[in-house]
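A.B. asks:
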Amino acid sequence: MFNLYISLSDKDKRVILIFFLLLIVTIAFIAVLGAIITRVMRWQGKRMDDLTHDVVVTNVVDNKKAFLRYGRIKNWYTFVKQSWKPIVILIATVLVLVIHNAVVGWDYDLLDFEKTGFNTLFFIWDFNDPDIYHTFFGIKMICDWPPIINYPHFSLEAWASYVFFFGMLIGGAWYLVTLQCVIARTFRMYQLSYDLYRKSLDGFNKAQNDLDQSKKL
Amino acid sequence: MATLLKSFGKGCLYILVLPALLVILAFYAVFGVLMFIYVGIKGVYLFFTGRSFSELPEDVKARAILEGRDLTPFGEREEEILEEKKVEKPNDFASTYYVPLSQDIPAPKDPDTPNEGNNGGDR
């Protein structure tokens, strides 16, 4: 009989506990996030019903292929209508930074946390501090809060980086939402094309089929 | 407990498919920019040619049907009417090019002639 004995110190046990807790919390967080995204996408996909309702009820579009073609065009037209605002924000943000750098100089540091970068607005931790790491089964793991090297403060010199950061954040997030809408509508379009134009033989009675050629012979 | 385990499983599944989802999102992000440029240019062209940006021929047709207007071209409409009235469309030369003879055409009424029959005659 082979017995494996592992002796764990109190610190090792604490690290294992924290590791598993973090893992469970992360997975639960991702599950909740996924559920929210799925629900929002289902709601966004309903827009496809609104876009295709008239042509379906009037029978202008009467087959699956035509429905998919129509739905695809409508989907991208709606995307353009929705996404022009975030795209304009993103372009304007980049233009502001380019003009600013052309005037001030191209060595302007966007990531700086002391004077010119948007990191001046955030807490900055020193992850290079060797005292916060601990070796666990030969793996170097972080096991302490790193020291803070910057507290949030406003710097007038960093205004261009603030504009750039918040512009990119808002424009990017908005653009991602519109993309999510497109994907949701695409899913809904395929689902509708299947539901509306599928051929089903459920409840079909061959004996009562008037179109049956074999009965006429 | 079952719900908790179910969400835990879903979380694991989402983590596994996350790279694929990110690839799809990245593809849509790039394709979206291209479509934005393409549809934008097309929209500007349509605007200056006096046409609607997002109104397709199917929309026009559907709107006309919903509003009760008949957009059917004349030839097709004639066919539909004939079909509805169960009238056989003449297909021989004589009936196609039938010209009514003079006795078949009713003579124009003279306004001075008194009306006959039931239409206000002498009683």
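In order, the protein sequence lines correspond to chains A and B. Start counting the first sequence at 12; every next residue gets the next number (this note's numbering). Start counting the second sequence at 956; every next residue gets the next number (this note's numbering). Where a beta carbon is used, it is the ideal one built from N, C-alpha and C, also for glycine.
By the three-class DSSP mapping on this structure, what secondary structure does Tyr-983(B) have?
C.D. replies: By one-based count along the second sequence, residue 983(B) stands at place 28. Tyr-983(B): helix per DSSP, three-state reduction.
A.B. asks: Quick one: list the residues of chain B neighbouring Tyr-201(A), beta-carbon separation under 7 Å, in chain order.
C.D. replies: To locate residue 201(A), count along the first sequence from 1; it is residue 190. Within chain B, no residue comes near Tyr-201(A); the closest Cβ sits about 14 Å away, beyond 7 Å.
A.B. asks: Keeping to the same chain, check which residues put their C-beta closer than 6 Å to that of Gln-4(A); ignore five residues upstream and five downstream.
C.D. replies: Residue coverage of chain A in this structure runs from 12 to 228, which leaves residue 4(A) outside it and unanswerable.
A.B. asks: If we ignore side chains and look at the alpha-carbon of each, how far apart do Ile-150(A) and Tyr-144(A) end up?
C.D. replies: Position 139 of the first sequence, counting from 1, holds the residue named residue 150(A). Position 133 of the first sequence, counting from 1, holds the residue named residue 144(A). One alpha carbon belongs to Ile-150(A), the other to Tyr-144(A), and they sit about 10 Å apart.
A.B. asks: With DSSP as the reference, label Trp-54(A) as helix, strand or coil.
C.D. replies: By 1-based counting over the first sequence, the position of residue 54(A) is 43. Three-state DSSP puts Trp-54(A) in a helix.
A.B. asks: Taking C-beta pairs closer than 7 Å, name the residues in chain B that Thr-69(A) reaches, listed in chain order.
C.D. replies: One-based indexing of the first sequence puts residue 69(A) at position 58. Near Thr-69(A) (Cβ distances below 7 Å), the residues of chain B are Ala-1017, Ile-1020 and Leu-1021.
A.B. asks: Any chance the CB of Leu-187(A) is under 7 Å from a heavy atom of the ligand ZN?
C.D. replies: This structure lacks the ligand ZN; in fact it carries no ligand of any kind.
A.B. asks: How should Ala-957(B) be labelled, buried or exposed, when 16 other C-beta atoms within 10 angstroms of its C-beta is the threshold for buried?
C.D. replies: In the second sequence, the residue the question calls residue 957(B) occupies position 2. Looking at its Cβ environment, which holds fewer than 16 other Cβ atoms inside 10 Å, Ala-957(B) is exposed.
A.B. asks: Hey, could you find the ends of the beta strand (DSSP E) Asn-86(A) is sitting in?
C.D. replies: What you label residue 86(A) is simply residue 75 of the first sequence in a count that begins at 1. It is not in any beta strand (DSSP E) - Asn-86(A) instead sits in the alpha helix (DSSP H) that spans 75 to 115.
A.B. asks: Taking just the CA atoms, how far does Leu-1001(B) sit from Val-985(B)?
C.D. replies: As a working mapping, residue 985(B) is identified with position 30 in the second sequence. As a working mapping, residue 1001(B) is identified with position 46 in the second sequence. Roughly 24 Å separates the two Cα atoms.
A.B. asks: Quick one: is Leu-971(B) near chain A, going by C-beta distance under 8 Å?
C.D. replies: Within the second sequence, the letter at position 16 stands for residue 971(B). No, because no Cβ of chain A sits closer than 8 Å to the Cβ of Leu-971(B).
A.B. asks: Tell me whether Cys-154(A) sits in a helix, a strand or coil according to DSSP, three-state version.
C.D. replies: Your numbering for residue 154(A) matches position 143 in the first sequence. Look at Cys-154(A) here: in three-state DSSP terms it is coil, with no helix or strand label.
A.B. asks: List the residues of chain B whose Cβ lies closer than 8 Å to the Cβ of Ser-94(A), in chain order.
C.D. replies: Start at 1 with the first residue of the first sequence, and residue 94(A) comes out as number 83. Here the neighbours are Gly-987 and Phe-991.
A.B. asks: Thinking Tyr-205(A) and Leu-1011(B) are a contact (beta carbons under 8 Å), I'd like their distance in whole angstroms, please.
C.D. replies: Residue 205(A) sits at position 194 when you count from the first residue of the first sequence. Residue 1011(B) sits at position 56 when you count from the first residue of the second sequence. So it is not a contact: roughly 22 Å between Cβ atoms.
A.B. asks: Rounded to the nearest angstrom, what separates Phe-147(A) and Asp-155(A) at their Cα positions?
C.D. replies: Stepping through the first sequence from its first residue, residue 147(A) is reached at position 136. Stepping through the first sequence from its first residue, residue 155(A) is reached at position 144. The alpha-carbon of Phe-147(A) is positioned some 13 Å away from that of Asp-155(A).
A.B. asks: Report yes if the C-beta distance between Phe-175(A) and Leu-108(A) is below 8 Å; otherwise report no.
C.D. replies: The sequence position of residue 175(A) within the first sequence is 164, counting from 1. The sequence position of residue 108(A) within the first sequence is 97, counting from 1. At the C-beta level, Phe-175(A) and Leu-108(A) come within 8 Å of one another.
A.B. asks: Return the CA-CA distance between Gly-1075(B) and Gly-1023(B), expressed in angstroms with no decimal places.
C.D. replies: Residue mapping note: residue 1075(B) aligns to position 120 of the second sequence, counting from 1. Residue mapping note: residue 1023(B) aligns to position 68 of the second sequence, counting from 1. Legend: pLDDT at Gly-1075(B) = 43, less than 50; position of this residue unreliable, no value from coordinates given.
A.B. asks: Once you ignore the five residues that flank Tyr-208(A) on each side, which residues in its own chain have a CB closer than 8 Å to its CB?
C.D. replies: What you label residue 208(A) is simply residue 197 of the first sequence in a count that begins at 1. Closer than 8 Å at the Cβ level, and outside the excluded window around Tyr-208(A), lie Asn-74, Lys-75 and Phe-78.
A.B. asks: Given Leu-968(B), which residues of its chain have a CB within under 8 Å of its CB, disregarding the five upstream and five downstream residues?
C.D. replies: If you number the second sequence from 1, residue 968(B) lands on position 13. Correct list: empty, nothing qualifies.
A.B. asks: Rounded to whole angstroms, what's the CA-CA distance from Gln-55(A) to Ala-195(A)? Just pull it up for me.
C.D. replies: Counting from one through the first sequence, the residue named residue 55(A) turns up at place 44. Counting from one through the first sequence, the residue named residue 195(A) turns up at place 184. Distance between Gln-55(A) and Ala-195(A), taken at the CA atoms: about 6 Å.
A.B. asks: Using the C-alpha atoms, what's the distance from Ala-1017(B) back to Phe-991(B)?
C.D. replies: For this step, residue 991(B) is matched to residue 36 along the second sequence. For this step, residue 1017(B) is matched to residue 62 along the second sequence. Approximately 27 Å, taken between the alpha carbons.
A.B. asks: DSSP beta-bridge partners for Thr-189(A)?
C.D. replies: As a first step, residue 189(A) must be located in the first sequence, where it is residue number 178. Paired residue(s): none; Thr-189(A) is not in a bridge.
A.B. asks: Nearest CA to the CA of Tyr-88(A): which residue from Lys-997(B), Ala-1019(B) and Gly-1005(B)?
C.D. replies: Against the first sequence, residue 88(A) aligns to sequence position 77. Among Lys-997(B), Ala-1019(B) and Gly-1005(B), the Cα nearest to that of Tyr-88(A) belongs to Lys-997(B).
A.B. asks: Starting from the Cα of Pro-141(A), find the closest Cα among Ile-153(A), Leu-132(A) and Ile-29(A) and give me that residue.
C.D. replies: Against the first sequence, residue 141(A) aligns to sequence position 130. Of Ile-153(A), Leu-132(A) and Ile-29(A), the residue nearest in Cα terms is Ile-153(A).
A.B. asks: Assign Ala-42(A) to buried or exposed, taking buried as 16 or more other Cβ atoms, counted over all protein chains shown, within 10 Å of its Cβ.
C.D. replies: Walking along the first sequence from the start, residue 42(A) turns up at place 31. Classification for Ala-42(A): buried.
A.B. asks: So which residues on chain B does Gly-182(A) lean against when the C-beta distance must stay under 7 Å?
C.D. replies: What you label residue 182(A) is simply residue 171 of the first sequence in a count that begins at 1. Residues of chain B passing the Cβ test: none, with the nearest at roughly 12 Å.
A.B. asks: Measuring alpha carbon to alpha carbon, tell me which residue in Asn-216(A), Thr-197(A), Val-67(A) and Leu-34(A) is nearest Gly-987(B).
C.D. replies: By one-based count along the second sequence, residue 987(B) stands at place 32. Closest by alpha carbon: Thr-197(A).
A.B. asks: Check whether chain B comes within 8 Å of Asp-140(A), counting only Cβ atoms and requiring the distance to be less than that.
C.D. replies: Start at 1 with the first residue of the first sequence, and residue 140(A) comes out as number 129. No, no contact with chain B.
A.B. asks: How far does the alpha helix (DSSP H) with Ile-1020(B) in it reach, from first residue to last?
C.D. replies: The count along the second sequence starts at 1 and reaches residue 1020(B) at position 65. Per DSSP, Ile-1020(B) belongs to the alpha helix (DSSP H) from 1012 to 1022.
A.B. asks: Using 8 Å as the limit for Cβ to Cβ distance, is Ala-975(B) near chain A?
C.D. replies: Walking along the second sequence from the start, residue 975(B) turns up at place 20. No, because no Cβ of chain A sits closer than 8 Å to the Cβ of Ala-975(B).
A.B. asks: Given this structure, state the Cα-to-Cα distance separating Tyr-173(A) from Gly-128(A), to the nearest angstrom.
C.D. replies: Position 162 of the first sequence, counting from 1, holds the residue named residue 173(A). Position 117 of the first sequence, counting from 1, holds the residue named residue 128(A). Approximately 8 Å, taken between the alpha carbons.
A.B. asks: So what's Asn-130(A) in DSSP terms, helix, strand or just coil?
C.D. replies: Here residue 130(A) refers to the residue found at position 119 of the first sequence. Helix.
A.B. asks: On a Cα-Cα basis, can you pick out the residue from Asp-137(A), Val-68(A), Phe-177(A) and Val-99(A) that is closest to Tyr-162(A)?
C.D. replies: Walking along the first sequence from the start, residue 162(A) turns up at place 151. It is Asp-137(A).
A.B. asks: Cutting at 7 Å between CB atoms, please list the residues of its own chain near Asp-23(A), excluding the five before and the five after it.
C.D. replies: Position 12 of the first sequence, counted from the first residue, corresponds to residue 23(A). Excluding residues within five positions, the ones whose Cβ falls inside 7 Å are Phe-147.
A.B. asks: Measure from the C-beta of Phe-1123(B) to each C-beta in chain A and report whether the shortest distance is under 8 Å.
C.D. replies: No answer is possible for residue 1123(B): it lies beyond the span of chain B, which begins at 956 and ends at 1078.
A.B. asks: Name the chain B residues whose beta carbon is nearer than 9 Å to that of Phe-90(A)?
C.D. replies: As a first step, residue 90(A) must be located in the first sequence, where it is residue number 79. Residues of chain B passing the Cβ test: Gly-987, Met-990, Phe-991 and Val-994.
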